[in-house]
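Asks: In our numbering, each residue's number is its place in the sequence shown (first place is 1) plus 850.
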Amino acid sequence: MKAVLSRFFSYKVLSASFLVAGACIGGGILGVPVEAGALGFFPSAVMLLLSWLFMTLTAFLYGEAALWMEEENAHVVSIAKHLLGRWGEWIAVLLYIFIGYASLVAYNSGGSQLIGHLFHGLFGIALSPILGAIVYAAIFGSVFYFGAKVLGAINTLLMVGLIISYLMMTSLGVGGVSEALVGRSSWVGFYAVVPLMITSFSFQMIVPSIALYLDKDRKDLKYTLIFGATLALIFYLLWIFVVMGTVPNEGKNGLQEALENGQVATASLRIYAHRSIIAVLGEWFAFFAITTSYLGIGLGLFDFLADLFGVEKKGLGKLVLGLLVVLPTLYITMTYPNTFLEALDITGGLGDSILNGIIPVLMIWIGRYVIGYKSEFKLFGGRWMLVLLFLCSCFIITSQIMKWVL
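1) Looking at the unbroken alpha helix (DSSP H) that takes in residue 1111, where does it start and where does it end?
2) Beta carbon of residue 1172, beta carbon of residue 1152: below 8 angstroms?
3) Please name the residue in 893, 958, 1092, 1223 whose C-alpha comes closest to that of residue 1017.
4) Give me the Cα-Cα distance between residue 1220 and residue 941, rounded to the nearest whole angstrom.
5) CA-CA distance, residue 1005 and residue 987?
6) Helix, strand or coil for residue 890, going by three-state DSSP, please let me know.
7) By the three-class DSSP mapping on this structure, what secondary structure does residue 865 have?
8) Strictly under 8 angstroms for the Cβ-Cβ distance: is residue 1173 near chain B by that measure?
9) Going by Cα to Cα distance, which pick from 1247, 1045, 998, 1065 is closest to residue 953?
10) Ignore the nearest five residues each way along the sequence and tell me which others in residue 1167's own chain have a CB closer than 6 angstroms to its CB.
11) For a test of the three-state rule: what should DSSP assign to residue 1225, helix, strand or coil?
12) Could you tell me which of 1239, 1240, 1234, 1214 sits nearest to residue 1228, measuring between CA atoms?
13) Just how far apart, CA to CA, sit residue 1030 and residue 1099?
14) Under 7 angstroms Cβ to Cβ from residue 908, same chain only, skipping five residues before and after it: list those, please.
15) Quick check: residue 869 and residue 1060, are their CB atoms within less than 8 angstroms of each other?
16) Report all residues from its chain with a CB closer than 7 angstroms to the CB of residue 985; omit the five preceding and five following residues, and keep chain order.
17) At a cut of 8 angstroms, does the stretch 1070-1089 reach the stretch 894-910 through at least three beta carbon pairs?
18) Here's the rule: buried if 16 or more other CB atoms are within 10 angstroms of the residue's CB, otherwise exposed. What is residue 1150?
19) Count the other CB atoms within 10 Å of the CB of residue 1033; is the residue buried (16 or more) or exposed (fewer)?
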């Protein structure tokens, strides 16, 4: 136990765990209470738990595959090409680009709303959504140029701010939770929330980067994936308890109205919070949550593009890679400013279910049972677990299709 705790509280494992948690605690945590508002707390909690389990298990598959690679900077492209051949490489390339940019568009869109509120509150300056998106991208997009260590340090500071604001907000907010509101429960249309909840635990894209950051230490990687994902789950459960117990689903400024307008959960919480400090803390929490996700997913995309194009991560190469991450994201955000929930939905229903579900299952199946790779970093369950995860991925795709059709 002492050895486990010493690893948990080592700076590298904590920093890496915060990157994992930060990648999860972002747009999803602001969107889940809105999209799952009709279900109520208990059904939403069950769906979150199942989503966390599925995504944590598939993250272990990516970790196993990443540790097989001998190349120092092997990322998703190289791993997929090595294990699945040319077809697997290009499917992974297209899906990774799709998920990475769609996620960053969602975070930039949400971040532009929040930075506009913060600028108005702090300086009395009103920012348009487009200007807010530019300011947000300029400030936090520049971090990618300075590399993973600087980004990790900044992300750790943001995570500290996130944790402090979250603990203060939930501790103050729990007292205002209505038993009638939190007790609402309905399973009607539960499948509709699956894509967003899957996206809420989408950190697989940065697992190869995390493995490199931890010098491919298998024990550190295992503790990081478990600790980071579990921390995110705890945040989600307490957060939806407070929001769903404070804000009604129906009525003016309710969760349903926020869903229809593509707004984040804090927009409704601002109206219904019994104490103004809760609304202020909610804004800061939302800002920290979206920004840590923006940095985490952006780092994964940065390393992915370096692997894809063979660009060295130094000097001019870092500048080019940073611009490739930031500029397309900013352009789409400015063109379609109200894409927050829609972008998150699509990434989970189609992107995550394939790239973070089907693809790693196929990679591990081929690696273990065709090529014959051995590893001490191995997900339990053998072939049956891989089949189960494959079927779960198919269910997620079906849920997204049903949501579009129905």
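Virtual Cβ for every residue (Gly too), placed ideally from N, Cα, C.
Values in this document were obtained by computation on a predicted structure and should not be read as measured data.
Replies: According to the data block:
1) Unbroken alpha helix (DSSP H) run through residue 1111: 1105-1111.
2) Cβ atoms of residue 1172 and residue 1152: closer than 8 angstroms.
3) The residue with the shortest Cα to Cα distance from residue 1017 is 1092.
4) Rounded to the nearest angstrom, the two C-alpha atoms are 20 angstroms apart.
5) Rounded to the nearest angstrom, the two C-alpha atoms are 15 angstroms apart.
6) In the structure shown, residue 890 sits in a strand (DSSP, three-state: E or B).
7) Residue 865 falls in the helix class under three-state DSSP.
8) Of the chains in the structure shown, none is chain B; there is only one protein chain.
9) Ranked by Cα distance from residue 953, the options 1247, 1045, 998, 1065 are led by 1045.
10) Excluding sequence positions up to five before and after residue 1167, its CB lies within less than 6 angstroms of the CB of 1161, all in the same chain and listed in chain order.
11) Residue 1225 falls in the coil class under three-state DSSP.
12) It is 1214.
13) Straight through space, the alpha carbons of residue 1099 and residue 1030 are spaced by roughly 12 angstroms.
14) Result list for residue 908: 1054, 1206, 1207, 1210, 1239, in chain order.
15) Yes, the pair counts as a contact, with Cβ atoms nearer than the cut-off.
16) 965, 977.
17) Yes, they touch.
18) Residue 1150 comes out buried.
19) The residue is exposed, with fewer than 16 neighbouring Cβ atoms inside 10 Å.
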